[in-house]
Amino acid sequence: MKIIIFSLISLMLSFSALAQEEKKNVIYKYKEYEVIDLGSLEIKGQIMAPGDLTVNERERQSFKRSLLEKNNFDFENRREIENLR
Amino acid sequence: MKYLALLIALVVAADASASAKGAYELYQKDKSKDRDKKIAHELIEGSYYFSAIPYINTYLETNNEIDKELEADIETLVIKTGTMAVLNLEEKRLESFNIPSISLILGTRLFNKDQNLKAYEILSRIPDSHQFSTEASLIKGTIRNLERKNIEALNLYEQCSKKAGNLESSSKGEKLKRYYNYLKETCIIRSARVKIEEKKYEEALVIYEQIDKRSYKWPYILMDQAWANYYLKDYNRALGLTVTYKSPLLESYFFPEAEVLMALSYYNLCLWDDSLKVVDHFYEVYQPKAQALKDILGKNKSSHTYFLDLYYADTKTREDLNPFIRNLITQTRKQVKFNLDLASLKAAKDELLLLKRLKNKNDFTETLEGNLDSTISFISAKINFYIKKEIFTFINEIHKHSFSMFNLKLELLSKKRDDIYNAKALAESTRARGSDVNVNRKTSQYFFDFNGSFWADELGDYSFGLQTACRENKVAKK
Chain H
1 MKIIIFSLIS LMLSFSALAQ EEKKNVIYKY KEYEVIDLGS LEIKGQIMAP
51 GDLTVNERER QSFKRSLLEK NNFDFENRRE IENLR
Chain W
1001 MKYLALLIAL VVAADASASA KGAYELYQKD KSKDRDKKIA HELIEGSYYF
1051 SAIPYINTYL ETNNEIDKEL EADIETLVIK TGTMAVLNLE EKRLESFNIP
1101 SISLILGTRL FNKDQNLKAY EILSRIPDSH QFSTEASLIK GTIRNLERKN
1151 IEALNLYEQC SKKAGNLESS SKGEKLKRYY NYLKETCIIR SARVKIEEKK
1201 YEEALVIYEQ IDKRSYKWPY ILMDQAWANY YLKDYNRALG LTVTYKSPLL
1251 ESYFFPEAEV LMALSYYNLC LWDDSLKVVD HFYEVYQPKA QALKDILGKN
1301 KSSHTYFLDL YYADTKTRED LNPFIRNLIT QTRKQVKFNL DLASLKAAKD
1351 ELLLLKRLKN KNDFTETLEG NLDSTISFIS AKINFYIKKE IFTFINEIHK
1401 HSFSMFNLKL ELLSKKRDDI YNAKALAEST RARGSDVNVN RKTSQYFFDF
1451 NGSFWADELG DYSFGLQTAC RENKVAKK
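From first to last, the protein sequence lines are chains H and W. Mapped onto our numbering, the consecutive letters of the first sequence carry residue numbers 1 to 85. Mapped onto our numbering, the consecutive letters of the second sequence carry residue numbers 1001 to 1478.
Spelled out as structure tokens, the structure:
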């Protein structure tokens, strides 16, 4: 039994040592250049935006200033009492 | 006739002297807690009303009971000296006395301090049958009016005008009659104002017709009527009413608000140039004068007599100082309070002269003279303050309306720019100035042509006949 365990462990160690050696030798290669022909590309879907540029028409903004209103006579009424006695 | 007048004067003087003597005896011998009350009564009997004030005040400071005699004395003092009667007493103290004269003074004082709830409660203590209930109804109506409780306000104003009318008929003195007439008309005008606030302009205008043209209140209602016509879109009538203030008879009545209303009326008739002229005139006339008045106020703000002296100064001195001062003083002279205070000042001075003429001088008469001197100084300072306050209010009014005019000017410039864009200005330059066709008239209204001169009987009935320059209105008319 001891012999089997020992041989298994030694086997595993030898495999990991081999794997480390293989990692070191990996070489990545990329394409030096690639040509994409956009004209020949096909995109599936629907056009949502209008073809030409548009601006919504709206009325010119006019600012209404508050002009004098006479909603009550509080000022005059109060003054009349003050001037009574 | 001369002898009779002399005899009456002698009798009055003798009576006054006797009462002063009676008061002196009480001052010397009486040590009871009612001494001050008795001295005050003796002085009032002798027509020394202002001299009696300190004794009444001292008594009320420490005593809670008011008998019938004292109630009558306080009432006499209120009639003869106004609010001075209980001047030294605080509101808390006055609240504990439940007699009509004190309730009226306290209610008025609280109203002027914006304590409306308390004022209403105090004024409600005055019985309806009492002569002071007329003024109480007016102030209570004003409180309800400010609270926008219009139905209650209208009821109170109506009660006030009825009571004042009855008192006017039953009063014997000319001054008293005039005072009750003033109260009656004030209450009628108040009812009309409530109608304007409720946007019932036609009804308001009918109520205003009750005020006689000769009335003291009449010049003031022109402004109200102009506003009612303005909201009825009768801008020509509004212009006619506001232009009335330019008549020589109403020279002293100047309202910056009238200028704003005039400019607004032109604006609503789309007559931009006319409106702009009014706006520019406002800035040219009112602003420099307001600044001059402000300078006068600033220089004399700590003086207690400057403005009163100005009142006594001759017309030329006032005119040289500032033309508005003369007009302001004239307008102030027409206020009831000012006249009452001025009458009080004169009466207090006369009383002091009477005291100085007494043969038997003693420490009591000296105390009376000292008190009267202080009272006279107080009334003088009060009148001085009143005039100062009137000038201050006027300056504030100008500033307030300058802001309205500024907004209107911006609006006018904007409208003129639009017209230039629409090439409308050229087309309007040849418009006619006015025509009878554009005058709206009711059966109760007169109409007079204005030919550059004012006629007293025509005042208040002028209407312009300007055609509107507003495009949509013209189309509608066609």
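Built from N, CA and C at the ideal position, the CB exists for glycine as well.
{"query": "Quick one: list the residues of chain H neighbouring Asn1327(W), beta-carbon separation under 8 Å, in chain order.", "result": "Those do not exist, as Asn1327(W) stays about 17 Å from chain H at its closest Cβ, beyond 8 Å."}
{"query": "Tell me whether Tyr1462(W) sits in a helix, a strand or coil according to DSSP, three-state version.", "result": "strand"}
{"query": "Quick one: is Arg79(H) near chain W, going by C-beta distance under 9 Å?", "result": "yes"}
{"query": "Of the choices Lys1415(W), Tyr1120(W), Gly1022(W), Ile1122(W), whose alpha-carbon is the least far from that of Asp1273(W)?", "result": "Lys1415(W)"}
{"query": "Determine the direct distance from the alpha carbon of Leu1412(W) to that of Lys1246(W), and round the result to whole angstroms.", "result": "24 Å"}
{"query": "Classify Cys1160(W) as buried or exposed, calling it buried when 16 or more other Cβ atoms lie within 10 Å of its own Cβ.", "result": "buried"}
{"query": "Does DSSP put Tyr1286(W) in a helix, a strand or coil?", "result": "helix"}
{"query": "Looking only at its own chain, which residues have a Cβ that is under 6 Å from the Cβ of Arg79(H), when we skip the five neighbours before and after it?", "result": "none"}
{"query": "Between Leu1342(W) and the rest of its own chain, which residues show a CB-CB distance below 7 Å, the 5 nearest in sequence each way excluded?", "result": "Ile1383"}
{"query": "Any idea if Asp1295(W) is buried or exposed, counting beta-carbon neighbours within 10 angstroms, 16 or more meaning buried?", "result": "exposed"}
{"query": "How big is the Cα-Cα spacing for Val1012(W) and Glu1042(W)?", "result": "A caution first: Val1012(W) carries a pLDDT of 45, below 50, which makes its placement in the model too unreliable to give a value."}
{"query": "Since Ala1153(W) and Asn1145(W) should fall inside the 8 Å C-beta cutoff, what is the C-beta to C-beta distance between them, to a whole number of angstroms?", "result": "4 Å"}
{"query": "Give the interface partners of Ser1103(W) over in chain H, defined as CB-CB distance under 9 Å, in chain order.", "result": "Ordered by position in chain H, no residue passes the 9 Å Cβ test against Ser1103(W), which lies about 13 Å from the chain."}
{"query": "Out of Tyr1311(W), Asn1322(W), Phe1254(W), state which residue places its alpha-carbon closest to the alpha-carbon of Ile1329(W).", "result": "Tyr1311(W)"}
{"query": "Using beta carbons (cut-off 9 Å, strictly below), is Val1012(W) in contact with chain H?", "result": "With a pLDDT of 45 at Val1012(W), under the threshold of 50, the modelled position of that residue is not reliable, and the figure given next carries that caveat. Judged by the 9 Å Cβ criterion, Val1012(W) is not in contact with chain H."}
{"query": "Can you confirm whether His1281(W), when its beta carbon is compared against all beta carbons of chain C, has any partner nearer than 9 Å?", "result": "The question asks about chain C, but that chain is absent: this structure's protein chains are H and W."}
{"query": "Run through DSSP, which three-state label would Leu1004(W) get?", "result": "Summary for Leu1004(W): the model assigns pLDDT 46, below 50, so the residue's position carries little reliability; its value from the coordinates is reported in the next sentence. It is helical."}
{"query": "How would you list, in chain order, the residues of chain H whose beta-carbon sits under 9 Å from the beta-carbon of Arg1190(W)?", "result": "Phe73, Asn77, Glu80"}
{"query": "Could you tell me which of Tyr1027(W), Lys1389(W), Asp1363(W) sits nearest to Gly1298(W), measuring between CA atoms?", "result": "Lys1389(W)"}
{"query": "So Ser1101(W) is in the alpha helix (DSSP H); what residue range does that whole segment cover?", "result": "1100-1112"}
{"query": "Using the three-state DSSP reduction, which class does Pro1256(W) fall into: helix, strand or coil?", "result": "helix"}
{"query": "Quick one: Cα of Ile1379(W) to Cα of Ala1040(W), how far?", "result": "20 Å"}
{"query": "Asp1073(W): buried (16+ other C-beta within 10 angstroms of its C-beta) or exposed?", "result": "buried"}
{"query": "How would you write the range of the alpha helix (DSSP H) that Lys1337(W) sits in, first residue to last?", "result": "1336-1357"}
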